[in-house]
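Participant:
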Amino acid sequence: MAIVLPTIHWPSFFESLRAPARSLPLAFFALALLGVLWASDTAAVKLLGLSPVVKLLAIPLLIYHFERSERGHWLLIAFLASCVLLMGVSWATYFADWKPSPNGMAGVPVRNYIDQSHELALCLFAVAPLLLSFAANGHRAWAIALAAVMLGFYCDMRFVATSRTTLVCFPVLLVLFAFKYLNRRHAIYLLVFAAIVEGTVLFTSPYLRDRVERTVQDSQVTVDSNAATPAATSNGLRLAYWRTSIKSISEAPVFGHGTGSTKQLFEREAEGKTGEWGWSIRNPHNQTLYAAIQWGMLGCLVLYAMWYFHLQLFRGSTFAAWVGLVIVVQNFISSLFNSHLFDFHEGWIYVLGVGVVGGMVARAQRLQSAP
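So, in structure tokens, the structure goes:
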């Protein structure tokens with residue numbers, strides 16, 4: 001941003017904010033800033049609640065910059081290259097049974113498996129149209145190379161490490177790709193083939209089978225009876241957070257409790273409890289609830305309006321529009337089970353993705369409409 005800011009022509013930038021896709025991130029930040037006024041916690045907690053929203057300010061700046069830059073595609077190439085490198089290191093550490101920390105996982109060399117699978121799934125579906133293009137235009141070598149990379153991404157998420165959120169996002173993105181790029185008959189063939197492949201992988205991958213079985217089990221109980229001491233399951237905690245959130249929202253449904261109020265809410269709920277139930281958190285693991293607790297229905301309105309207009313920004317037929325569509329849909333679906341717009345890693349992927357690719361789409365539209 002330090003490089004982008006000096007290049008901006010501010011009168012033109014403010015003119016560009018008439019587009020909702022650019023102005024709504026600013027409106028979201030403005031609402032969070034105003035929410036500080038009616039929050040009842042300390043100034044430090046209010047600032048902590050404001051910090052996840054600050055990054056949204058970068059979206060209109062990035063769209064403006066890359067609308068006027070020819071280098072947007074280089075950032076996409078760099079991101080793809082970094083994901084290929086991550087996937088390669090993941091496989092290497094998996095077979096070497098190397099863990100970055102005593103509590104880490106083999107095959108997850110950086111951060112955690114949630115962030116890793118989020119990136120790999122994004123790359124897998126983002127480059128899928130290129131495979132069709134290479135095959136249709138006779139670029140056999142490029143098609144084979146890209147297919148190998150995509151297969152590596154897929155197998156990593158099925159045999160090495162994946163998050164439950166990625167498992168949910170995967171079929172949604174697959175259906176989106178099938179019906180956007182294939183005719184109805186071929187789309188159905190692809191989905192049937194994918195279902196057969198997924199069923200086969202489920203039987204051949206002990207990791208995936210355990211992941212799915214654990215998820216099903218967690219959805220049926222709230223306490224892990226197999227633990228040394230009774231402990232809350234992941235889904236049990238999530239459901240508890242959601243119940244607490246809904247109760248809190250009902251107390252201030254229109255404007256919410258103010259910026260940063262989630263921390264105070266969940267600390268109060270955890271008082272007197274032990275184990276996982278006594279954890280002090282500020283994230284209800286649902287983006288809508290996260291917004292509604294702090295800014296009520298007004299916050300939800302701004303959140304969903306932003307997602308909607310970003311989807312509208314990427315409704316075109318260009319490759320950049322497809323990448324943007326994948327980014328927004330993935331963030332929306334994953335935010336049903338997490339607060340991925342406010343989380344650091346997934347949130348910045350959304351901001352940088354929408355900003356860079358949105359600028360590329362806007363540039364293509366401007367050049368197309370130029371006389």
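Under UniProt numbering, think of the first position of the sequence shown as 1, with each following residue one higher. The C-beta atom is built at its ideal place from N, Cα and C for all residues, glycine as well. Note that this is a predicted model, so its numbers are computed, not measured.
(1) Since Ile293 contacts Ser250 with CB under 8 Å, what's their CB separation in whole angstroms?
(2) At what residues does the alpha helix (DSSP H) containing Glu267 begin and finish?
(3) Alpha carbon to alpha carbon, how far is Ser90 from Val108?
(4) Where does Ala228 sit, in a helix, a strand or coil, going by DSSP?
(5) Just list the alpha helix (DSSP H) runs in the region 110 to 150, keeping only unbroken ones of 4 residues or longer that don't cross its boundaries, in chain order.
(6) Suppose the cutoff is 6 Å on Cβ atoms and the five residues either side in sequence are ignored; what does the same chain contact list for Trp295 look like?
(7) Considering Cα atoms alone, identify which of Leu80, Pro52 and Tyr113 is closest to Ala126.
(8) Could you check what DSSP says for Ile281 in three-state terms: helix, strand or coil?
(9) Secondary structure at Phe95, three-state DSSP: helix, strand or coil?
(10) Can the beta-carbon of Gly347 be found closer than 7 Å to that of Gly72?
(11) Comparing alpha-carbon positions, which option in Ala145, Leu57, Ala21 and Ser69 lies nearest residue 376?
(12) From what residue to what residue does the alpha helix (DSSP H) around Trp348 run?
(13) Report all residues from its chain with a CB closer than 8 Å to the CB of Leu61; omit the five preceding and five following residues, and keep chain order.
(14) Counting pairs of Cβ atoms below 8 Å between the region 91 to 104 and the region 114 to 132, do you hit three or more?
(15) Which residue's Cα is closest to the Cα of Asp218: Tyr207, Leu237 and Val201?
(16) Alpha carbon to alpha carbon, how far is Leu289 from Thr244? Give it in angstroms, no decimals.
(17) Among the residues of its own chain, which have a CB less than 7 Å from the CB of Met297, if the five just before and after it don't count?
(18) Comparing alpha-carbon positions, which option in Asp156, Ser369, Phe177 and Ser23 lies nearest Met105?
Facilitator: Walking through what the data contain:
(1) Sequence index remark: in the sequence shown, residue 293 carries index 293 (1-based). Sequence index remark: in the sequence shown, residue 250 carries index 250 (1-based). 11 Å between Cβ atoms; not a contact.
(2) The residue given as residue 267 occupies position 267 in the sequence shown. Unbroken alpha helix (DSSP H) run through Glu267: Ser261 to Ala270.
(3) Taking the sequence shown and counting its residues from 1, one reaches residue 90 at position 90. Taking the sequence shown and counting its residues from 1, one reaches residue 108 at position 108. Looking at the two C-alpha atoms, the distance is approximately 6 Å.
(4) Locating residue 228 in the sequence shown gives position 228, counting from the first residue. Because Ala228 sits at a pLDDT of 47, beneath the cut-off of 50, its placement in the model cannot be relied upon, and the following sentence gives the value as read from the coordinates. In this structure, Ala228 counts as coil in the three-state DSSP scheme.
(5) 113 to 126 and 128 to 136
(6) For the purposes of this step, residue 295 is taken as residue 295 along the sequence shown, with counting starting at 1. Once the five neighbours on either side are set aside, the close Cβ partners of Trp295 are Leu31, Gly35 and Gly256.
(7) Along the sequence shown, read from residue 1 onward, the residue named residue 126 stands at position 126. Of the listed residues, the one whose Cα sits closest to Ala126 is Leu80.
(8) Taking the sequence shown and counting its residues from 1, the one referred to as residue 281 is at position 281. Correct three-state label for Ile281: coil.
(9) By one-based count along the sequence shown, residue 95 stands at place 95. Phe95 falls in the helix class under three-state DSSP.
(10) Position 347 of the sequence shown, counted from the start, is the residue given in the question as residue 347. Position 72 of the sequence shown, counted from the start, is the residue given in the question as residue 72. Cβ distance not < 7 Å, so Gly347 and Gly72 don't count as in contact.
(11) This structure leaves residue 376 out entirely; the chain is present only between 1 and 371.
(12) Working through the sequence shown from its first residue, we reach residue 348 at position 348. First-last of the alpha helix (DSSP H) with Trp348: Phe344 to Ser369.
(13) For the purposes of this step, residue 61 is taken as residue 61 along the sequence shown, with counting starting at 1. Same-chain partners within the cutoff: Met1, Val4, Leu5, Ile8, Phe13 and Gly355.
(14) no
(15) Start at 1 with the first residue of the sequence shown, and residue 218 comes out as number 218. Of the candidates Tyr207, Leu237 and Val201, the one whose C-alpha sits nearest the C-alpha of Asp218 is Leu237.
(16) Residue 244 sits at position 244 when you count from the first residue of the sequence shown. Residue 289 sits at position 289 when you count from the first residue of the sequence shown. Cα to Cα, Thr244 sits roughly 10 Å from Leu289.
(17) Locating residue 297 in the sequence shown gives position 297, where the first residue counts as 1. Same-chain partners within the cutoff: Pro253 and Val254.
(18) The sequence position of residue 105 within the sequence shown is 105, counting from 1. When each option's Cα is compared against that of Met105, the closest is Asp156.
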